[in-house]
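Respectively, the protein sequence lines represent chains A and B.
Heads up, the first sequence is in numbering that gives the first Met the number 0, so the first residue is 0 and it goes up one at a time.
Heads up, the second sequence is in numbering that gives the first Met the number 0, so the first residue is 0 and it goes up one at a time.
Where a beta carbon is used, it is the ideal one built from N, C-alpha and C, also for glycine.
First comes the structure, then the notes that go with it.
Number of protein chains: 2
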Amino acid sequence: MERYRIVFSGSGGQGVITSSIILAEAAVIYEGLNAVQSQSYGAEARGGTTRADVIISDGEIRFPKVNQPNILVCLTQQAYSKFSGSIRPGGLLLTDSHFVQLERKVDACQVELPMYETIMNAMGKPTPLNLCMLGAMLSLVPLVKTKSIMRVLDEKTPADFLEMNKAAFEIGKKLVAELGIEPQELA
Amino acid sequence: MERYRIVFSGSGGQGVITSSIILAEAAVIYEGLNAVQSQSYGAEARGGTTRADVIISDGEIRFPKVNQPNILVCLTQQAYSKFSGSIRPGGLLLTDSHFVQLERKVDACQVELPMYETIMNAMGKPTPLNLCMLGAMLSLVPLVKTKSIMRVLDEKTPADFLEMNKAAFEIGKKLVAELGIEPQELA
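What follows is the structure, given as structure tokens:
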């Protein structure tokens, strides 16, 4: 496989760090890949923007930070403004249409999905937005199998949230399937 | 403040990643510091050793990985064997006496605490061991205030676990207080 450099961004409480850890663990434990996951906190955390980085590769990973992501997810306008310029040409930009209004074209495939709205309609609360996002992202770029994510959820999710999180992941996959967007080949 | 390089290590499921994230968030959001938190997954994750790195500083942090920790926590023998050689001279090595048998002297302050045993006696389950460890560590090296940790717990912990986690943190603090170990000045 090639090396995937992924940045999840949004605001504190949206679960972007959790989703990045779930992805990294699924890749490593169930698919035999290597992964590094990190977050920098600083002025961003105080200002409300959270960013989590994941690098996935079948080779060794020496530097754990992502400079130019080939997959960038933005769940707030502030995160979009801050990070969308850094996307690798030919990459994938995934945004939530409730939180982010696209302001410019980037040299990447831009996919805007009503994840927040769909989750609120289905579940009445925004908590599992991060799993919905992960389901959508992995339908667009099938880095790891759904089965691997589900196994991580089985192990890590408190019992009360397990079914909700699994359902949210499936909702994310379905959103992509319904839009007829094909899985991406990333540059 | 100086720069603190912290490595939490143990096995998957002991919560070392969670505790590292709680510490980083407390430092940044409530104490105005900078922090970087990361974990590498690879052969380690499959073999069962988990390691989470945190760097805390009032200055800019350029490289997010810890090579030589000045605080190293080991919650399994395997983690101890693997990482204890990397500790910075004059640093702090904190181990759990149920899981780790010390095998050699390192040029660091070695503190062995019965965290697992105390948590099992008090709570009947090992889940909040990571909070107990964090309470003990922060009593030994008061990097951030207890109040800041509690505020992060208030925001991040599912309601069912909040009181248990807070109590476990206090148990860790008390373990250090009872042993009469003074807060450390780290090299």
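To the nearest whole angstrom, what separates the beta carbons of residue i and residue j, a pair I think is in contact under 8 Å?
i      : j      : result
P68/B  : S85/B  : 7 Å
V99/B  : Y79/B  : 5 Å
M122/A : M163/A : 7 Å
V15/B  : N129/B : 6 Å
A176/A : P127/A : 18 Å between Cβ atoms; not a contact.
Q183/B : L91/B  : 5 Å
T48/A  : S10/A  : 6 Å
S138/B : K172/B : 5 Å
V143/A : E30/A  : 5 Å
P157/A : P157/B : 6 Å
Within a Cβ cutoff of 6 Å, which residues of the same chain sit near residue i, ignoring the five residues on either side of it in sequence?
i      : result
L22/A  : V53
V207/A : A question about residue 207/A goes unanswered here, because the residues of chain A that appear run from 0 up to 186.
S8/A   : R50, C73, A78 and F82
D106/A : P88
D95/A  : L74, M114 and Y115
T145/B : none
S147/A : A25, Y29 and E30
R4/B   : I54, V65, P68 and N69
M0/B   : D57
Once DSSP output is grouped into helix, strand and coil, what is the label at residue i?
i      : result
F160/A : helix
E24/A  : helix
S96/A  : coil
D153/A : helix
E111/B : strand
H48/A  : The sequence as given places Thr at residue 48/A; His does not occur at that position. T48/A: strand per DSSP, three-state reduction.
L101/B : coil
L74/B  : coil
L174/A : helix
V53/A  : strand
G179/B : coil
G89/A  : coil
V143/A : coil
G84/A  : helix
E184/B : coil
Starting from residue i, trace the alpha helix (DSSP H) both ways and give me its first and last residue.
i      : result
R61/B  : That residue, R61/B, is in no alpha helix (DSSP H); it is neither H nor E in DSSP.
G134/A : L128 to L139
E116/A : M114 to M122
Starting from residue i, follow the beta strand (DSSP E) in both directions and report where the run begins and ends.
i     : result
Q38/B : N33 to Y40
Y3/A  : Y3 to S10
Going by beta carbon distance, what residues of the same chain come within less than 7 Å of residue i, once the five residues before and after it are set aside?
i      : result
S37/A  : D52, P63 and K64
A34/B  : A23, A26, V27, V53, I54 and I55
I170/B : T117, I118, A121, C131 and G134
L174/B : L112, M114, T117 and A135
V140/A : I70, L91, P182, Q183 and L185
Q76/A  : F98, V99 and Q100
I180/B : V110 and L139
Within the same chain, show all residues whose beta-carbon is closer than 8 Å to that of residue i, passing over the 5 residues directly before and after it, in chain order.
i      : result
T17/A  : N129
I60/A  : R2, N33, A34, V35 and I54
K104/B : none
L161/A : L152 and D153
query = What residues in the segment 9–30 of chain B bring their beta carbon closer than 7 Å to a beta carbon of chain A?
reply = Cβ proximity to chain A below 7 Å picks out I16, I20, A23, E24, V27 and I28 from the segment 9–30 of chain B.
ask   = Using a beta-carbon distance cut-off of less than 8 Å, what residues from the segment 60–75 of chain B approach chain A?
value = Sequence-ordered contacts of the segment 60–75 of chain B with chain A read I60, P63 and K64 [C-beta pairs closer than 8 Å].
key: Near-chain B residues of the segment 144–161 of chain A (beta-carbon distance less than 8 Å), N- to C-terminal order   = So the list reads E154, P157, D159 and F160, given in the order they occur along the chain.
request  = Determine which residues of the segment 160–185 of chain A have a Cβ less than 7 Å from any Cβ of chain B, and write them out in chain order.
outcome  = Within the segment 160–185 of chain A, no residue has a Cβ that lies closer than 7 Å to any Cβ of chain B.
task = Below 7 Å between beta carbons is the criterion; list the residues of the segment 96–109 of chain B that meet it against any residue of chain A, in chain order.
result = Near chain A, meaning a CB-to-CB distance below 7 Å, no residue of the segment 96–109 of chain B qualifies.
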